Amino acid sequence: MSTLWLTRIVPSPASHDARRDLGDTVALHRRLMALFPDNAGPDPRAALGVLHRIDDAPTGSYVLLQSRHQPDLSRLPKNYGRAATRELTPLLAALRSGAHINFRCTASPVRKPGATTRALYNLPAVVPLHGAHADEWWLRQADTAGLKVLTLNAQPLDSAAGVRGHRGSGDQQRVRHARTRFDGTAVIIDPDLLRTKITEGIGRGKAYGCGLLTIAPSRGGTA
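In my numbering, each number is its position in the sequence shown, counted from 1, plus 13.
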């Protein structure tokens, strides 16, 4: 099992850089990728296993960053905020069938209609899902992650948005991913599938704050 790291970054409200990053999904992606080596190949996010999301707490927003390479927190701007990293590998190694867990994942639930359906109903290539359709999407994802969902609370969030490309150039592209936060409890059916999904992430928009699945032991015990 490869080593996996989880970093919690609590941005300072006094930091202009931190405030900008929290409001711009593309800027935050660039900030986080700058914490890792530059020579990670054509798809560094996937090669380094970088996933992240923004969570809220009573004291303000914070960033959770997961990676297969330990980030260099000294690369954060001065006075950006507080940050600490811990190893996730012991948690993953301890996963067992029948164990009850709490889960959270901010994801981008979508469906991709076939060409005939798109033409018939004038649909885009990717259709965001909401409400019961988003719930059904998550239940399918949980099943492929080796989980049996017991309880589920889905909360729609603002879309992850930003502009990709260099400002003022012709290659700029607007990024937008519809997001839903899925919280709940589940029973582990297949620990290996769960480890894979935690490591690889779920769904699309992984570079922009979607797909990070986090778990914690539940008081439900074992099945």
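All C-beta atoms in this analysis are idealised placements derived from N, C-alpha and C, irrespective of residue type, glycine included.
Note that this is a predicted model, so its numbers are computed, not measured.
State the start and end residues of the unbroken alpha helix (DSSP H) segment that holds residue i.
i	result
Ile211	204-213
Pro24	Where Pro24 is concerned, there is no enclosing alpha helix (DSSP H), although the beta strand (DSSP E) it sits in stretches over 18-24.
Pro57	57-61
Assign residue i to one of two classes, buried (16 or more other C-beta atoms within 10 Å of its C-beta) or exposed (fewer than that).
i	result
Arg33	exposed
Ser13	Any property of residue 13 remains undetermined from this structure, which presents the chain solely from 14 to 236.
Ala112	buried
Lys125	exposed
Val76	buried
Arg66	buried
Gln154	buried
Pro26	exposed
Lys219	buried
Thr235	A caution first: Thr235 carries a pLDDT of 46, below 50, which makes its placement in the model too unreliable to give a value.
Pro24	buried
Ala191	buried
Rounded to the nearest angstrom, how far is the Cβ of residue i from that of residue j, given a contact under 8 Å?
i	j	result
Ala96	Leu89	6 Å
Leu48	Leu101	No, Leu48 and Leu101 are not in contact; Cβ-Cβ is about 16 Å, not under 8 Å.
I'd like the span of the beta strand (DSSP E) that includes residue i, first residue to last.
i	result
His65	64-70
Gly4	The first residue shown for the chain is 14 and the last is 236, placing residue 4 beyond what the model contains.
Grouping DSSP H, G and I as helix and E and B as strand, with all else coil, what is residue i?
i	result
Lys219	helix
Ala47	coil
His143	coil
Asp196	strand
Arg99	strand
Arg153	helix
Arg232	strand
Pro169	strand
Gly73	strand
Gly94	strand
Ser87	helix
Are three or more beta carbon pairs between the region 207-217 and the region 103-114 nearer than 8 Å? yes
Mind the definition here: the region 70-84 touches the region 150-166 only if three or more C-beta pairs lie below 8 Å; say whether that holds. no
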